[in-house]
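Heads up, the thing below is written out as structure tokens.
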Amino acid sequence: MNESIDDLTVQYEENGQILINELDKVVLSKGAWTTILFRYQQWRPESDDYGPDKYVIRRYKKSGGEYRQQSKFTISSADQARKIVDALLPWIEK
Numbered sequence: 172m173n174e175s176i177d178d179l180t181v182q183y184e185e186n187g188q189i190l191i192n193e194l195d196k197v198v199l200s201k202g203a204w205t206t207i208l209f210r211y212q213q214w215r216p217e218s219d220d221y222g223p224d225k226y227v228i229r230r231y232k233k234s235g236g237e238y239r240q241q242s243k244f245t246i247s248s249a250d251q252a253r254k255i256v257d258a259l260l261p262w263i264e265k
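In this text, residue positions in the sequence shown follow the working numbering: the first is 172, and each later residue adds one.
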């Protein structure tokens with residue numbers, strides 16, 4: 172159950188192996204609608220190691236005392252992350 176923001180994670184384990192290893196998270200907004208940016212790595216069985224850092228933004232809605240995921244946006248590359256930051260900077264600097 173995800174009753175608090177601290178309970179929300181992208182960490183995923185199967186058969187004792189952590190397949191999605193959450194490295195960090197930043198809460199972007201709190202309330203009935205909560206938005207969190209997660210940094211994680213995905214297990215790559217072919218190399219027997221974790222891949223590069225990845226990022227996903229997830230939105231949760233609190234209903235009945237529990238957070239439920241409503242949407243997600245995966246940032247697929249460092250280049251895409253730079254483009255997002257570049258697009259936001261003019262608005263922030265106003």
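Using N, Cα and C, we set each Cβ at its ideal position, and we do this for glycine too.
The secondary-structure analysis by DSSP pairs V198 across a beta bridge with I207.
According to DSSP, residue pairing for T245 in a beta bridge involves V227.
Of the other Cβ atoms in all chains shown, 16 or more fall within 10 Å of the Cβ of V181; this residue is therefore buried.
Going by beta carbons, Q213 and I228 fall outside the 8 Å limit.
At the C-beta level, K232 and Q241 come within 8 Å of one another.
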